[in-house]
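K.L.:
In my numbering, the protein residues as written are 20 to 351.
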């Protein structure tokens, strides 16, 4: 494997470890190697107000960064925000070469590559998809958070039994994986129907040191004051808005990624509005034959109008299977 690719994969690993802690800043990973190609520093974006990944890696490398290479998942920024520009830190450290994966689409921060070249730093783009960056890049492109719809269902697509019981469709490994998903996002969204039916707390367990914002979409003010989603374990927000407006309000709060955990009706409203970027389904080896489906009415009257998905990943979790999909573009 090419050395730059191996270092980039390590930088991606570092960025994945800080998912859910950096918004509204991007989760970036960075690695510094010395003149001989030996790793001497690495880092990832710190929480808002803290150092960017490049600076963390350079600080760890110290004087050994001089004449070396910095590999990072996003083009180094050139602007002054809560911290100084990463381009200045790179030049001051004497870095000779920079390799980055994704171009920064933010007009305030973009152009770092040109700044570095003007300072006689060799710059190379190793264009590749960086999954931890996708939600942040999506917000830059669209102005709304990246939405992952997560559901759990039996093999015949039922999210609960005919009597309404739904605990537990999946096993412990799948449930633990859901907590991992929650820990990686900025907000978890449900509808008031889910709150009334299940009274979920929507926190991450065990506590990773940060909790996502818990959001209830409730246009009629039916959320009980004693609902567990409103307790003191994490910040909560009740919005009397349609999905698109709710996402706009969340973006204004700096929310970059959302995990949609609501019931079939809420899922259908987001899907039909084209507001879902990723689908994660946990399928249990069980059959119910009756009970609510995982998703509600999508307005599909014929097979030609089906909402099509592209399968990206299949992972076994105990007796269950996690399926990850990307919605395919709908034909006009």
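All C-beta atoms in this analysis are idealised placements derived from N, C-alpha and C, irrespective of residue type, glycine included.
Where do the N-terminal and C-terminal ends of the alpha helix (DSSP H) with residue 228 fall, by residue?
P.N.:
Counting from one through the chain shown, the residue named residue 228 turns up at place 209. It is not in any alpha helix (DSSP H) - residue 228 carries neither H nor E in the DSSP assignment.
K.L.:
Would you check if there are 3 or more beta carbon pairs closer than 8 angstroms linking the segment 161-176 to the segment 46-64?
P.N.:
no
K.L.:
Nearest CA to the CA of residue 151: which residue from 92, 299, 176 and 255?
P.N.:
Against the chain shown, residue 151 aligns to sequence position 132. Among 92, 299, 176 and 255, the Cα nearest to that of residue 151 is on 92.
K.L.:
Please classify residue 127: does DSSP put it in a helix, a strand, or coil?
P.N.:
Residue 127 sits at position 108 when you count from the first residue of the chain shown. If DSSP states are grouped into helix, strand and coil, residue 127 belongs with coil.
K.L.:
Looking only at its chain, what residues have a beta carbon closer than 7 angstroms to the beta carbon of residue 22, apart from the 5 residues adjacent to it on each side?
P.N.:
For the purposes of this step, residue 22 is taken as residue 3 along the chain shown, with counting starting at 1. Closer than 7 angstroms at the Cβ level, and outside the excluded window around residue 22, lie 56.
K.L.:
Alpha carbon to alpha carbon, what distance is there between residue 132 and residue 144?
P.N.:
Walking along the chain shown from the start, residue 144 turns up at place 125. Walking along the chain shown from the start, residue 132 turns up at place 113. The C-alpha of residue 132 is placed about 9 angstroms away from the C-alpha of residue 144.
K.L.:
Could you check the C-alpha separation between residue 323 and residue 186 for me, to the nearest Å?
P.N.:
If you number the chain shown from 1, residue 323 lands on position 304. If you number the chain shown from 1, residue 186 lands on position 167. Between residue 323 and residue 186, the C-alpha separation is close to 34 angstroms.
K.L.:
Considering residue 73, what are the terminal residues of the alpha helix (DSSP H) in which it resides?
P.N.:
Counted from its first residue, the chain shown places residue 73 at position 54. Per DSSP, residue 73 belongs to the alpha helix (DSSP H) from 72-80.
K.L.:
Can you find the residues in the same chain that come closer than 7 angstroms, C-beta to C-beta, to residue 214, ignoring five residues on each side of it along the sequence?
P.N.:
For this step, residue 214 is matched to residue 195 along the chain shown. 235, 242, 246 and 248, listed in sequence order.
K.L.:
Quick test of the definition: if touching needs 3 or more C-beta pairs under 8 angstroms, does the segment 329-341 touch the segment 273-282?
P.N.:
No: the two stretches stay apart, fewer than three of their Cβ pairs being nearer than 8 angstroms.
K.L.:
Can you find the residues in the same chain that come closer than 6 angstroms, C-beta to C-beta, to residue 176, ignoring five residues on each side of it along the sequence?
P.N.:
Your numbering for residue 176 matches position 157 in the chain shown. Counting only Cβ-Cβ distances below 6 angstroms, and skipping sequence neighbours, we find 312 and 313.
K.L.:
Can you tell me whether residue 94 is buried or exposed, with buried defined as 16 or more other CB within 10 angstroms of its CB?
P.N.:
If you number the chain shown from 1, residue 94 lands on position 75. Around the beta carbon of residue 94, 16 or more other beta carbons lie within 10 angstroms, which makes this residue buried.
K.L.:
Could you give the first and the last residue of the continuous alpha helix (DSSP H) run that contains residue 239?
P.N.:
On the chain shown, position 220 is the one that residue 239 refers to. First-last for residue 239: undefined, no H or E at that position.
K.L.:
Mind checking whether the beta-carbon of residue 143 lies closer than 7 angstroms to any heavy atom of the ligand FMN?
P.N.:
No copy of the ligand FMN appears in this structure; indeed no ligand is present at all.
K.L.:
Buried or exposed: residue 86, going by 16 or more other Cβ atoms within 10 Å of its Cβ?
P.N.:
Residue 86 sits at position 67 when you count from the first residue of the chain shown. Result: exposed.
K.L.:
Quick check: residue 315 and residue 347, are their CB atoms within less than 8 angstroms of each other?
P.N.:
As a working note, residue 315 is residue 296 in the chain shown. As a working note, residue 347 is residue 328 in the chain shown. No, the Cβ-Cβ distance between residue 315 and residue 347 is not below 8 angstroms.
K.L.:
Are residue 309 and residue 216 touching if we call contact CB-CB under 8 angstroms?
P.N.:
Taking the chain shown and counting its residues from 1, one reaches residue 309 at position 290. Taking the chain shown and counting its residues from 1, one reaches residue 216 at position 197. Cβ distance not < 8 angstroms, so residue 309 and residue 216 don't count as in contact.
K.L.:
Would a C-beta distance cut-off of 8 angstroms place residue 74 and residue 96 closer than the cut-off?
P.N.:
As a working mapping, residue 74 is identified with position 55 in the chain shown. As a working mapping, residue 96 is identified with position 77 in the chain shown. For residue 74 and residue 96, no; Cβs fall outside 8 angstroms.
K.L.:
By how many angstroms is the C-alpha of residue 165 removed from the C-alpha of residue 154?
P.N.:
Here residue 154 is taken as the residue at index 135 of the chain shown, counted from 1. Here residue 165 is taken as the residue at index 146 of the chain shown, counted from 1. Near 5 angstroms, if we compare the C-alpha coordinates of residue 165 and residue 154.
K.L.:
If I measure Cβ to Cβ from residue 325 and keep anything under 8 angstroms in the same chain, skipping five residues before and after, which residues do I get?
P.N.:
In the chain shown, counting from the first residue as 1, residue 325 sits at position 306. Contacts found: 319.
K.L.:
Please go through the segment 264-313 and give each complete beta strand (DSSP E) segment of 3 or more residues, from N-terminal end onward.
P.N.:
276-279 and 297-303
K.L.:
Can you say whether residue 147 is buried or exposed, counting buried as having 16 or more other CB atoms within 10 angstroms of its CB?
P.N.:
To locate residue 147, count along the chain shown from 1; it is residue 128. Exposed, because fewer than 16 other Cβ atoms sit within 10 Å of the Cβ of residue 147.
K.L.:
Can the beta-carbon of residue 203 be found less than 8 angstroms from the beta-carbon of residue 230?
P.N.:
Residue mapping note: residue 203 aligns to position 184 of the chain shown, counting from 1. Residue mapping note: residue 230 aligns to position 211 of the chain shown, counting from 1. Against a cut-off of 8 angstroms, the Cβ pair of residue 230 and residue 203 comes out as no contact.
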